[in-house]
Every structure is written in C-alpha cells, then in structure tokens.
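Student: Quick one: this structure, given as structure tokens, is what I'll be asking you about.
Chains as they are written, first to last, in the numbering used here: chain A, 1 to 266; chain B, 1 to 215; chain C, 1 to 232.
In structure tokens, the structure reads:
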C-alpha cells in the first residue's frame, strides 16, 4: 500500500481543476493567417476558466463547457483598387477674365489600406484530459493533459467579427478623398469577400493553438519535500523524499475519485 | 492628406499662369520638403511675341518624378505672348511641390500668386474649408463641401455630372468674390487671381493663428 | 465504498509513512528525544535539550541526569508488531508505540576533606575550609518501552492543523521488583507523553502538499492507516 493516499471526488476535483486553470499562464501567440482572400497578421492571448468536471476511470478527467477567454488583435492590408475601380474626374474648363482654362483629367488611384481590428470573446468547449505524472528537474508534477483538439463553435464570434470589421473598414475608408458614394459599397465588398467562412477559417486555427496540448498542473511539489520549516536555531527544517507518485481515476468504490498515491522516505 | 494649399501642390491641384510678356522664362520645380536645396531653374518657357491678336492657347506641363527629382514634361515649351501654361501632376504619390520662376523682369510662383494666375483644387472630402492667404492674412473665404445624396441612382448620375462644373472665385487685390461657396464632394474650385500682391490659397488651419482670421 | 465517502477529500497515511515522517523529524531535530542537565550538557542544541539539574542538599550542582528515546515506531490497528503480554493489544482505532529509553544519572561520590593538622590535635574550625571533593561517573540503563495510544488532532482552521499522539499505557519488560517497574512506567509514561507532545505532523505534510484539508472527520485509524476526511 502507498505511504500516502490522497483522494478527491468530483466536487473537490472541480476546485483543484479550476485552481489549476487560474494559475495556468498561456503564452501569447502571433502569426499570420488567411482572412478570406487577405493575409492578416495577428497576435492573441487566452486564458481558461470554469468547466464541469467528470472523472472517468481509469485516467480521464472530462471538462465540459470549459471557457476559453481570448483576446485577438489582427490587421490586414490590401490595395483598395482591387475592389473599387479607379475613376477619373471629368475634364472641366474654367472661364476667367484672363483666359479659358481646361483642366486635365484627374484620376483617383485608390490607396493601399490597412484595417486593424481587436476582438475579445469567450468560447466554450468540452474535452477529455488524461493524467500525466512526471518529474521535471527536482519536482514532481501531476498534469491533466487535453486529448486531441476539441471542436470550437465560432459561428457567433465570426458574425460579430465580420460586423465589427465592416465598421472598422468604414472608419478607415471614410477619410480617403473621393471615397464618397462608393464607401458603403466598398465596405459591403470587403465584408462579402471575407464572409463568415473567411473569419471562421481565420479564427479557428488561432484558437486551436491555445487548446491543442492544453495542460493544467494539479500537483507540483519538490521531490525533497519540506515537511516543517525552520523553527529556530535548534529546529532546522524537516524534509522527506517523495520517491514515487502515481495518479489515476478510481471508481471501484462506487464513486469516481481522483486518487494520488505517494511513497516517501526519510 | 491632400490639404488645400497652393504652396504645396498635389495631383488634386492645377497651377496656371498667363504669359503676356515675351521673353525667356526659367523656372524650377521644388519639392515642398526640400525647398532651398533644389537645383538651378532648368525648365524654360520661351514666350514669342504674338504675331497678331489670337485666341490664347493653353500649354500643359506635367510634373513627374524621375528618380528622386521632380521634372517638367516637357522641360521646355515655346508659346506666344498671351498664352496660358498649366502645370499639373498625374502622380498621386508626389507629396507636394511648388512652381517658381522668373524672366522678363517679373517672377511667378504657385506659392505666391500675383497676376493672371489660376489655382485649382478638387475637394474629395466633405467639410467646411476656411482658406486664407498665408503671406498677408488679409484675404480669405470659405468653401463648404457637402456630401451628395446617395439615396437613388439618379442622385449618382447628377453627382457625376456635377463633377464637370467648376466653381470660380475671383481674386482682385484683397477681395475674393464670392467669399463663400458651396459645392458637392468631388467638385473643383478655381481661384482666378486677376491681380494680387503675391498670395497663397491655404487652409486656415495651416496658417499659425489663421483659424481666427477672416473667412 | 469510496475513499471520500460522504466527504469530498480523503487523506490516508500508512503507518510506514508515519514512521518515515518520525524518522525524518527526529533525525533533523534529535533534541526532541534527548534531554540532559549539567554537567552532561550546558545549553540546548540541535542534538539535545538542556534541562536543570535536580537540586539536592549536599550534592554540588544538583543531581545531573539525562533521558533520551530512540526514534519511536508506531503500529496502527490492526496490530502488526508483537506487544508484551501485559498489554491488551491495539484496540480499534488505536496504535502502539515502541521505543527504547535510556536513563542516565551522574553518579557522584563526594567526601568532605579533613582539615590539615597533627593527629589528635583539635580541628581548626575556621569557616571555609570544609570543601567536599567529588568523583562522578555517569551511570545509565536502557529499557525497551511499549505503549498503547491514539492519535490526536489540533485544528487551527481550514487547511491548517496537525496530528500528534497520546499515550494511554506503558509497559516496561522484566523490571523487578514490580513496584520499581510501576514507578518507572509512570515516570517514563509522563516523560514520553511530554516528548510526544512536541512531535506534530502537519496536514500539509501528510497530504504531501496535494491540497489544503478542511477537516470534517477524523483522524481515525484503521487498515494500518491514519485517515482523515474533509473538503478542499
């Protein structure tokens, strides 16, 4: 029998998992991706919260409705001429007391524009995690590691992003001279050619980066474990060695429990 | 940003000068950002005496970018006295330039308009534009640019047709007539300087203290 | 039946694990098991706790003494290790403790020195001249100690608490006469309990830092384990 057995039921496991989520630091990511026909550069950050915990023997921790909170910033550039035809002001003549002047045609070349956009939202997902006990340096860690890449329902986010992109595009286009009457059409063209599918195809791979390989640490301790801190000059700290650790989900007692077993030595 | 400023011309502007006096005129095209460093005046206008009274002819000169220099195309024109020379650039990337030259005892400049000169500007954005002579600050006016209605195809046709109709402001001395004009976005205003002491047509916001001046 | 039962968290420490804790604790802080007075020890150190000598008239400096225990070993119910027949065996929820106690006394022989002078001459009775001369030799005995007891818990709040041990009965083997055995058993029981009162195992240590335990039930002993239940 192990020297120490620590077991938690699904209620306590929920607390442990939620605490592990709160301490998880997910590095921000950046890259470029296809936003419809455009190439957009992006950077994003995320965090994970909540979820309903279901312990499934022998080693699965299922987290349902886990919340992925993300914050995304991206921008893309394109030649406006590719979606709005260049046009020319008609030739006009100006009569003056000292002569009649006819001005050359002025043709409007639409510029290359850059549309920046920021968006923050939350998407829920359900995934299975397995237990992974391993040592890193002088520490023991027990992690729950996601299995595969869960599906993310991004339909609502994609619609919101597309609507927001339209507003952002309008804001970028409005100060362009002569955009005038073609502004609304230009915005509609931009959102149409990106479309929901383009946003989903852009957003999905980005968020998948954050959930693929998701790993929470539910237990981390030094192998040389301090039982008691120093209590003074004649009371040095007291240590024990955590020699071996195992973790599993056990349902043999009629209730699914996360069980941690530890062997120690002086 | 294509601001209203005859001291800094762009593809939305034209500068015209009538040459009534025969002679050889030399001029330079200076970039607004490198004024003072330009080369010697190397473009010419040869004005021949008019054989007989004739209708004034207009000669167009395009301002182009060759390498890092602004050049006139053609670099030299030969005209009759009384003819008109009109400068313009088709290149929207040119950030701003000035035409300035001299000959036969007088000088001409798009930044300092004197006699029988024309400056035009095509307005691409709606708004209220208060313009001012940046040199003397006694002359000015207002151009009100309104957005055309976009509620029907007929509106678009009317608007496109209006783009061919210029609005003219005549400048004589320190008077602008009219002082206030209203146009649609996309239309062109021409300032016809019959006689003045070397003025500019400049957005008041570009003139220190200009916002409080007349206009 | 599940480990957590009606609670959300279960913590079970096997007797082997508790003994490893005791070895670690008593090896790091041996002064918890070792007590001595002058002249054996002049001050408390990591190795030994300094105590006052027992003052006694005629014994300069008092009676020097020392008591030390070997690292105790516990056995949880059900009983695994044998006990002397005088003890009834580990009861349900109980434990046994075995250790070896070493008692030491600074056995001194002191004589007053006679004043110098001729045989038969009257003694010089000037004060300050009657200085005893002592010769001391530490004398010790070691005895195996067997005890029965139970766990006790001190709970300071959610996640903070510690487990200690209570000795209910002591047995020394083959000390005669019986009255001496009874006297020593009483003495050693008191001393051993005082020593065990300094030995505490915090909850955090017993869970190897897995979680903070808000205790709702226990500690109880069964299946060779010290068990506790609660919430995180």
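Virtual Cβ for every residue (Gly too), placed ideally from N, Cα, C.
Here the structure is a predicted model, which means the values were calculated and not measured.
Is it buried or exposed for residue 1 (chain C), if we count other Cβ within 10 angstroms and need 16 for buried?
Tutor: Residue numbering aside, residue 1 (chain C) sits at position 1 when the third chain is read from its first letter. Exposed is the call here.
Student: For residue 252 (chain A), does the three-state DSSP call read helix, strand or coil?
Tutor: The residue you call residue 252 (chain A) lines up with position 252 of the first chain. The answer is coil: DSSP assigns residue 252 (chain A) none of H, G, I, E or B.
Student: Give me the Cβ distance between residue 75 (chain A) and residue 45 (chain A), rounded to the nearest whole Å; I'm assuming they're in contact under 8 Å.
Tutor: Taking the first chain and counting its residues from 1, one reaches residue 75 (chain A) at position 75. Taking the first chain and counting its residues from 1, one reaches residue 45 (chain A) at position 45. Going by Cβ atoms, the distance from residue 75 (chain A) to residue 45 (chain A) rounds to 16 Å, so no, they are not a contact pair.
Student: Using a Cβ cut-off of 9 Å, which residues of the segment 63-89 of chain B contact any Cβ in chain A, in chain order?
Tutor: 82, 83, 84, 86, 88
Student: Select from C:195, C:194, C:171 the residue whose C-alpha is nearest the C-alpha of residue 184 (chain C).
Tutor: For the purposes of this step, residue 184 (chain C) is taken as the residue at position 184 of the third chain. Considering only alpha carbons, the answer is C:171.
Student: With residue 178 (chain A) as the anchor, note down where its alpha helix (DSSP H) starts and where it stops.
Tutor: For the purposes of this step, residue 178 (chain A) is taken as residue 178 along the first chain, with counting starting at 1. Per DSSP, residue 178 (chain A) belongs to no alpha helix (DSSP H) and is neither H nor E.
Student: Within the same chain, show all residues whose beta-carbon is closer than 7 Å to that of residue 9 (chain A), passing over the 5 residues directly before and after it, in chain order.
Tutor: Taking the first residue of the first chain as position 1, residue 9 (chain A) is located at position 9. These residues qualify, in order along the chain: 255, 257.
Student: Helix, strand or coil for residue 19 (chain C) per DSSP?
Tutor: Here the question's residue 19 (chain C) lines up with position 19 in the third chain. Here residue 19 (chain C) sits in helix by DSSP.
Student: Between residue 116 (chain C) and chain A, is any beta-carbon pair separated by less than 7 Å?
Tutor: In the third chain, residue 116 (chain C) corresponds to position 116, counting from 1. In this predicted model, residue 116 (chain C) has a pLDDT of only 48, less than 50, meaning its place in the structure is not dependable; the value taken from the coordinates is given anyway. Residue 116 (chain C) does not count as touching chain A.
Student: Helix, strand or coil: which one does DSSP assign to residue 186 (chain C)?
Tutor: Start at 1 with the first residue of the third chain, and residue 186 (chain C) comes out as number 186. In this structure, residue 186 (chain C) counts as helix in the three-state DSSP scheme.
Student: Grab me the residues of residue 150 (chain C)'s own chain with a C-beta within less than 8 Å of its C-beta, minus the 5 sequence neighbours each way, in chain order.
Tutor: Stepping through the third chain from its first residue, residue 150 (chain C) is reached at position 150. Answer for residue 150 (chain C): 93, 94, 95, 165, 166, 168, 221, listed in chain order.
Student: Counting contacts by CB-CB distance shorter than 7 Å, is residue 63 (chain A) in contact with chain C?
Tutor: The residue you call residue 63 (chain A) lines up with position 63 of the first chain. No, its Cβ sits nowhere closer than 7 Å to a Cβ of chain C.
Student: Any Cβ of chain A within less than 7 Å of the Cβ of residue 51 (chain C)?
Tutor: Numbered from its first residue, the third chain carries residue 51 (chain C) at position 51. Not closer than 7 Å to any Cβ of chain A, the Cβ of residue 51 (chain C) fails to qualify, so no.
Student: Which chain B residues sit within Cβ distance under 7 Å of residue 189 (chain A)?
Tutor: Counting from 1 along the first chain, the entry for residue 189 (chain A) is found at position 189. In chain order: nothing, as chain B lies at least about 16 Å away.
Student: Check whether chain C comes within 7 Å of residue 261 (chain A), counting only Cβ atoms and requiring the distance to be less than that.
Tutor: Stepping through the first chain from its first residue, residue 261 (chain A) is reached at position 261. Residue 261 (chain A) does not count as touching chain C.
Student: Identify every residue that forms a DSSP beta bridge with residue 177 (chain B).
Tutor: If you number the second chain from 1, residue 177 (chain B) lands on position 177. BP columns for residue 177 (chain B) point to B:170.
Student: Should residue 173 (chain C) go down as buried or exposed, given a rule of 16 or more other Cβ atoms within 10 Å for buried?
Tutor: Here residue 173 (chain C) corresponds to residue number 173 of the third chain, with the count starting at 1. Looking at its Cβ environment, which holds fewer than 16 other Cβ atoms inside 10 Å, residue 173 (chain C) is exposed.
Student: Taking DSSP as the reference, what is the three-state secondary structure of residue 110 (chain A)?
Tutor: What you label residue 110 (chain A) is simply residue 110 of the first chain in a count that begins at 1. Residue 110 (chain A): coil per DSSP, three-state reduction.
Student: Using 7 Å as the limit for Cβ to Cβ distance, is residue 189 (chain C) near chain A?
Tutor: For the purposes of this step, residue 189 (chain C) is taken as residue 189 along the third chain, with counting starting at 1. With 7 Å as the cut-off, residue 189 (chain C) does not count as an interface residue toward chain A.
Student: Please confirm whether residue 166 (chain B) has its beta-carbon closer than 7 Å to some beta-carbon of chain A.
Tutor: On the second chain, position 166 is the one that residue 166 (chain B) refers to. At least one CB of chain A lies nearer than 7 Å to the CB of residue 166 (chain B).
Student: Please report the Cβ distance between residue 229 (chain C) and residue 9 (chain C), rounded to the nearest whole angstrom; I am assuming they are in contact, meaning their Cβ atoms lie under 8 Å.
Tutor: One-based indexing of the third chain puts residue 229 (chain C) at position 229. One-based indexing of the third chain puts residue 9 (chain C) at position 9. Contact flag correct, Cβ pair sits at about 7 Å.
Student: Exposed or buried, residue 118 (chain A), counting other C-beta atoms within 10 Å across all chains shown (16 or more means buried)?
Tutor: Residue mapping note: residue 118 (chain A) aligns to position 118 of the first chain, counting from 1. By the neighbour-count rule (16 or more Cβ atoms within 10 Å), residue 118 (chain A) is not buried but exposed.
Student: Answer yes if the segment 111-127 of chain B comes into contact with the segment 189-206 of chain B, meaning at least three C-beta pairs across the two stretches below 8 Å, and no otherwise.
Tutor: yes
Student: When you check each C-beta in the segment 216-227 of chain A against every C-beta of chain D, which residues fall closer than 8 Å?
Tutor: Looking at the structure shown, chain D is missing, and the protein chains on hand are A, B and C.
Student: Hey, is residue 92 (chain B)'s beta-carbon within less than 7 Å of any beta-carbon in chain A?
Tutor: Locating residue 92 (chain B) in the second chain gives position 92, counting from the first residue. By this cut-off, residue 92 (chain B) is an interface position.
Student: Can you grab the Cα-Cα spacing for the pair residue 61 (chain B) / residue 78 (chain B), in whole Å?
Tutor: Reading the second chain from its first residue, position 61 is the one you call residue 61 (chain B). Reading the second chain from its first residue, position 78 is the one you call residue 78 (chain B). Answer to the nearest angstrom: the Cα atoms are 12 Å apart.
Student: Against chain C, does residue 253 (chain A) count as a neighbour if the rule is that its beta carbon must be under 7 Å from one of theirs?
Tutor: Translated into the one-based positions of the first chain, residue 253 (chain A) becomes position 253. It does: the Cβ of residue 253 (chain A) has a partner Cβ on chain C nearer than 7 Å.
Student: Compute the Euclidean distance between the alpha carbons of residue 99 (chain C) and residue 200 (chain C), then round it to the nearest angstrom.
Tutor: Position 99 of the third chain, counted from the start, is the residue given in the question as residue 99 (chain C). Position 200 of the third chain, counted from the start, is the residue given in the question as residue 200 (chain C). Straight across, the Cα-Cα distance linking residue 99 (chain C) with residue 200 (chain C) is about 17 Å.
Student: Can you tell me whether residue 187 (chain A) is helix, strand or coil according to DSSP?
Tutor: By one-based count along the first chain, residue 187 (chain A) stands at place 187. Reduced to three states, the DSSP call for residue 187 (chain A) is helix.
Student: Within the continuous alpha helix (DSSP H) that includes residue 19 (chain A), where are the two ends?
Tutor: Taking the first residue of the first chain as 1, we reach residue 19 (chain A) at position 19. Per DSSP, residue 19 (chain A) belongs to the alpha helix (DSSP H) from 10-23.
Student: Hey, which unbroken runs of the alpha helix (DSSP H) at 4 residues or more fall wholly within the segment 145-201 of chain C?
Tutor: Under the rule that a run must span 4 or more residues, the alpha helix (DSSP H) segments found entirely inside the segment 145-201 of chain C read 178-196.
Student: Would residue 103 (chain A) pass as a contact of residue 92 (chain A) if the rule is Cβ separation under 7 Å?
Tutor: In the first chain, counting from the first residue as 1, residue 103 (chain A) sits at position 103. In the first chain, counting from the first residue as 1, residue 92 (chain A) sits at position 92. Yes, the pair counts as a contact, with Cβ atoms nearer than the cut-off.
Student: Which residues does DSSP list as the beta-bridge partners of residue 88 (chain A)?
Tutor: The sequence position of residue 88 (chain A) within the first chain is 88, counting from 1. Beta-bridge pairing links residue 88 (chain A) to A:107.
Student: With a 10 Å radius around its C-beta and 16 neighbouring C-beta atoms as the bar for buried, classify residue 26 (chain C) as buried or exposed.
Tutor: Taking the first residue of the third chain as position 1, residue 26 (chain C) is located at position 26. Under this definition residue 26 (chain C) is a buried residue.
Student: Exposed or buried, which one is residue 118 (chain C) when buried takes at least 16 other CB atoms within 10 Å?
Tutor: Numbered from its first residue, the third chain carries residue 118 (chain C) at position 118. Low local confidence applies: a pLDDT of 45 at residue 118 (chain C) is under 50, so the model's placement there is unreliable, and no value is given.
Student: Could you check what DSSP says for residue 216 (chain C) in three-state terms: helix, strand or coil?
Tutor: If you number the third chain from 1, residue 216 (chain C) lands on position 216. Here residue 216 (chain C) sits in strand by DSSP.
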